[in-house]
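Student:
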Amino acid sequence: MSTQEYEFRQCLPVPMFCRNDFSIWSVLKNSLGKELSKITMPVVFNEPLSFLQRMVEYMEYAHLLRIASEQSDPVDRMQYICAFAVSALASNWDRLGKPFNPLLGETYELERKEYRVICEQVSHHPPISAFHADSEHFIFHGSIHPKLKFWGKSVEIQPKGIVTVELPKWGEAYTWSNVNCCVHNIVVGKLWIEQYGTMEIVNTSTGHKGVLSFKPAGWFSKDLHRVEGFITDKHKKKLNFLYGKWTDFIRCTDISSYEDYLKENAHKFSDQFSIWLRYDRSSESKGPQSNSDSPAHTPKKVLAKLNSLKVGPFKSQNSIVESDEGPPEEAAEGGDIPKCDSTYSIDIPNSSTLWEATPRPANCSEFYQFTLFAMSLNELEPGMEKKLCPTDCRLRPDIRKLENGDLDGAAAEKTRLEEKQRKARKAKKGNEWKPRWFCQGTNPYTGQEDWLYTGGYWDRNFAPDPHIF
Numbered sequence: 014m015s016t017q018e019y020e021f022r023q024c025l026p027v028p029m030f031c032r033n034d035f036s037i038w039s040v041l042k043n044s045l046g047k048e049l050s051k052i053t054m055p056v057v058f059n060e061p062l063s064f065l066q067r068m069v070e071y072m073e074y075a076h077l078l079r080i081a082s083e084q085s086d087p088v089d090r091m092q093y094i095c096a097f098a099v100s101a102l103a104s105n106w107d108r109l110g111k112p113f114n115p116l117l118g119e120t121y122e123l124e125r126k127e128y129r130v131i132c133e134q135v136s137h138h139p140p141i142s143a144f145h146a147d148s149e150h151f152i153f154h155g156s157i158h159p160k161l162k163f164w165g166k167s168v169e170i171q172p173k174g175i176v177t178v179e180l181p182k183w184g185e186a187y188t189w190s191n192v193n194c195c196v197h198n199i200v201v202g203k204l205w206i207e208q209y210g211t212m213e214i215v216n217t218s219t220g221h222k223g224v225l226s227f228k229p230a231g232w233f234s235k236d237l238h239r240v241e242g243f244i245t246d247k248h249k250k251k252l253n254f255l256y257g258k259w260t261d262f263i264r265c266t267d268i269s270s271y272e273d274y275l276k277e278n279a280h281k282f283s284d285q286f287s288i289w290l291r292y293d294r295s296s297e298s299k300g301p302q303s304n305s306d307s308p309a310h311t312p313k314k315v316l317a318k319l320n321s322l323k324v325g326p327f328k329s330q331n332s333i334v335e336s337d338e339g340p341p342e343e344a345a346e347g348g349d350i351p352k353c354d355s356t357y358s359i360d361i362p363n364s365s366t367l368w369e370a371t372p373r374p375a376n377c378s379e380f381y382q383f384t385l386f387a388m389s390l391n392e393l394e395p396g397m398e399k400k401l402c403p404t405d406c407r408l409r410p411d412i413r414k415l416e417n418g419d420l421d422g423a424a425a426e427k428t429r430l431e432e433k434q435r436k437a438r439k440a441k442k443g444n445e446w447k448p449r450w451f452c453q454g455t456n457p458y459t460g461q462e463d464w465l466y467t468g469g470y471w472d473r474n475f476a477p478d479p480h481i482f
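Quick note: to get this note's numbering, add 13 to the position in the sequence shown (first position is 1).
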């Protein structure tokens with residue numbers, strides 16, 4: 014289906030419902046520390062997209078993968094892969110509605126000028142969504158097993174799973190896992206969202222790595238949305254410094270410019286960061302280390318001093334990813350959104366901007382804080398319905414009714430579909446569900462279990478129809 018001349022819609026059919034009269038606390042208060050995927054949420058807390066569609070929002074800035082493939086230098090390729098990995102999270106900012114849980118066997122396709130992507134819900138318990146995107150320049154694939162936990166004041170989202178980018182022109186593959194996300198002020202106050210943790214992007218062919226730290230707002234008031242890190246070679250030598258905000262932009266500069274900037278602008282950084290910087294330089298002067306950014310490889314006296322000062326770059330980097338103790342503590346008294354100091358900006362000489370977020374529509378607050386890209390994801394283009402797989406998200410009646418402003422109808426359809434799915438599962442008891450477009454296998458680059466695309470979707474032979482809707 015051609016989309017090159019089609020003008021996608023700029024907004025949804027009707028504005029969203031006001032949620033002020035609904036309390037998410039009343040739904041979650043008995044679920045402290047529990048995994049939320051099995052809890053039925055009132056439809057008023059949903060946004061009119063399936064999780065499969067939300068997952069495809071990774072592709073909003075897919076042109077970065079084309080640019081990466083066009084670079085002759087592996088370090089430059091890594092820069093743009095890192096920028097893409099960060100850009101894939103930008104749409105999460107202020108997106109406080111929950112996407113609909115996909116039904117088993119549900120699919121979603123999207124074709125755009127530079128790529129096409131197919132997704133399928135391959136497992137229900139646990140919920141696993143698989144995707145495969147391809148283009149002339151890249152292949153992007155993976156599977157996501159989202160885990161949601163309620164911690165009293167916040168809900169933590171852990172997007173378990175590995176994603177892979179392949180650049181066939183260079184025979185390279187890049188793998189990484191996404192960082193955790195947290196929605197704060199579930200009980201009282203204005204809801205706000207942050208990403209935190211460490212993302213390690215690995216070029217499995219050359220050994221280059223991009224290690225990015227997403228700062229929790231609680232470390233410093235200036236840290237809200239901040240992301241920074243280094244590109245290293247296979248010998249762990251730092252080559253480039255990346256910095257920015259996952260909501261707005263990513264820039265990159267060489268190590269010499271980065272260190273010169275720190276010398277000349279020490280007043281912009283806290284005493285704690287200066288201590289970290291001095292240690293960082295002294296450790297590098299002694300040659301490569303097995304893991305120069307890890308507390309496990311830091312001299313005990315230095316580590317004790319750093320921990321006592323709660324230095325951002327060292328504070329529980331590893332525990333953020335693996336901890337079962339919940340997200341970082343609320344950053345501000347009263348649970349308010351931390352103030353982001355607009356006067357604090359790093360603009361290092363010799364930096365290049367790798368990515369900038371597209372501004373959201375002025376009226377996005379009326380439409381679930383959707384980006385323009387998200388506005389189009391559930392749109393039925395002219396003639397599309399005849400070509401779609403009958404399991405495509407766009408054909409789900411509950412999502413369509415919510416998009417059209419029919420809250421009661423959406424709730425009724427959501428209940429009907431969930432009950433239909435339960436009955437189908439009971440009827441097939443003993444017969445294992447077999448996904449149609451993906452199979453369970455081993456990721457050839459990580460050696461880990463993954464869901465791999467088996468091919469054939471774009472031939473559009475969709476019979477028989479499983480009638481999941």
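Just so it is clear, CB atoms sit at the ideal spot from N, CA and C, and this is done for glycine as well.
None of these values were measured; they are calculated from a predicted model.
For P523, count neighbouring C-beta atoms within 10 Å of its own C-beta (all shown protein chains included) and say buried if the count is 16 or more, exposed if not.
Tutor: One cannot answer for residue 523 here, as it falls past the ends of the chain, which runs 14 to 482.
Student: With 16 as the cutoff for other CB atoms within 10 Å, does W450 come out buried or exposed?
Tutor: Translated into positions along the sequence shown, residue 450 becomes position 437. W450 comes out buried.
Student: Measure the C-alpha to C-alpha separation of L385 and K442 and round it to an integer number of angstroms.
Tutor: Counting from one through the sequence shown, the residue named residue 385 turns up at place 372. Counting from one through the sequence shown, the residue named residue 442 turns up at place 429. Going from the Cα of L385 to the Cα of K442 covers about 42 Å.
Student: Roughly how far, in whole angstroms, is the beta-carbon of Y121 from the beta-carbon of D147, given that I think they are within contact range, below 8 Å?
Tutor: The residue labelled residue 121 in the question sits at position 108 within the sequence shown. The residue labelled residue 147 in the question sits at position 134 within the sequence shown. Wrong, their Cβ atoms sit about 15 Å apart, outside the cutoff.
Student: By a C-beta neighbour count over all protein chains shown, 10 Å radius and 16 as the cutoff for buried, is G155 buried or exposed?
Tutor: Walking along the sequence shown from the start, residue 155 turns up at place 142. Answer is buried; the Cβ neighbour count reaches 16.
Student: Just to confirm before moving on: does the CB-CB distance between T211 and S226 stay below 7 Å?
Tutor: As a first step, residue 211 must be located in the sequence shown, where it is residue number 198. As a first step, residue 226 must be located in the sequence shown, where it is residue number 213. Yes. Within cutoff.
Student: Any heavy atom of the ligand ZN inside 6 Å of the beta-carbon of D360?
Tutor: The model depicted lacks the ligand ZN and carries no ligand whatsoever.
Student: Straight-line CA distance for Y209 to R239?
Tutor: Position 196 of the sequence shown, counted from the start, is the residue given in the question as residue 209. Position 226 of the sequence shown, counted from the start, is the residue given in the question as residue 239. Their backbone Cα atoms lie some 9 Å apart in a straight line.
Student: Pull the bridge partners of R264 from the DSSP assignment, please.
Tutor: Taking the first residue of the sequence shown as 1, we reach residue 264 at position 251. Looking at the DSSP assignment, R264 forms a beta bridge with Y256 and T366.
Student: In the DSSP output, what is S142 paired with across the bridge?
Tutor: Walking along the sequence shown from the start, residue 142 turns up at place 129. The partner list for S142 (beta bridge, DSSP) reads Q134 and I157.
Student: Whole angstroms are fine: how far does the CA of F35 sit from the CA of G223?
Tutor: Stepping through the sequence shown from its first residue, residue 223 is reached at position 210. Stepping through the sequence shown from its first residue, residue 35 is reached at position 22. In a straight line, the C-alpha of G223 is about 42 Å away from that of F35.
Student: Could you pull the DSSP bridge partners for V99 from this structure?
Tutor: Start at 1 with the first residue of the sequence shown, and residue 99 comes out as number 86. Looking at the DSSP output, V99 shares a beta bridge with no other residue.
Student: Drop a sphere of 10 angstroms on the beta-carbon of C31, count the other beta-carbons inside from all chains shown, and report buried for 16 or more, exposed for fewer.
Tutor: Residue numbering aside, residue 31 sits at position 18 when the sequence shown is read from its first letter. C31 comes out exposed.
Student: With H, G and I counted as helix, E and B as strand and the rest as coil, what does DSSP make of S389?
Tutor: Taking the first residue of the sequence shown as position 1, residue 389 is located at position 376. Three-state result, S389: coil.
Student: Quick check on this structure: which residue in E20, S63, I214 and C194 has the alpha carbon closest to the alpha carbon of V88?
Tutor: By one-based count along the sequence shown, residue 88 stands at place 75. Here the closest residue by C-alpha is I214.
Student: Are the stretch 194-209 and the stretch 167-182 touching by the rule of at least three beta carbon pairs closer than 8 Å?
Tutor: In short, these stretches touch, since the Cβ pair count reaches three.
Student: Grab me the residues of F21's own chain with a C-beta within less than 6 Å of its C-beta, minus the 5 sequence neighbours each way, in chain order.
Tutor: Sequence index remark: in the sequence shown, residue 21 carries index 8 (1-based). Only S389 meet the Cβ criterion.
Student: Let's test the definition: count the other Cβ atoms within 10 Å of the Cβ of Y19 and tell me whether it reaches 16, buried, or not, exposed.
Tutor: Taking the sequence shown and counting its residues from 1, one reaches residue 19 at position 6. Label assigned to Y19: exposed.
Student: My parser needs the beta strand (DSSP E) runs of 3 or more residues fully inside the stretch 377-463; what are they?
Tutor: 451-455
Student: Where does I94 sit, in a helix, a strand or coil, going by DSSP?
Tutor: As a first step, residue 94 must be located in the sequence shown, where it is residue number 81. Helix, per DSSP.
Student: Find the nearest neighbour of D405 within the set P448, F482 and S378, judged by alpha-carbon distance.
Tutor: Translated into the one-based positions of the sequence shown, residue 405 becomes position 392. It is F482 whose Cα lies nearest to the Cα of D405.
Student: Find out if the Cβ-Cβ distance for the pair L367, I263 is shorter than 7 Å.
Tutor: Mapped onto the sequence shown, residue 367 falls at position 354. Mapped onto the sequence shown, residue 263 falls at position 250. Yes.
Student: I'd like to check one pair, Y470 with G110: are the Cβ atoms closer than 7 Å?
Tutor: As a position in the sequence shown, residue 110 is number 97, starting the count at 1. As a position in the sequence shown, residue 470 is number 457, starting the count at 1. In this structure, Y470 does not lie closer than 7 Å to G110 by Cβ.
Student: Can you list, in chain order, the residues of its chain with a C-beta nearer than 7 Å to that of P410? Leave out the 5 residues immediately preceding and following it.
Tutor: Counting from 1 along the sequence shown, the entry for residue 410 is found at position 397. If we look at P410 and ignore the five residues flanking it on each side, its Cβ neighbours are E426 and F482.
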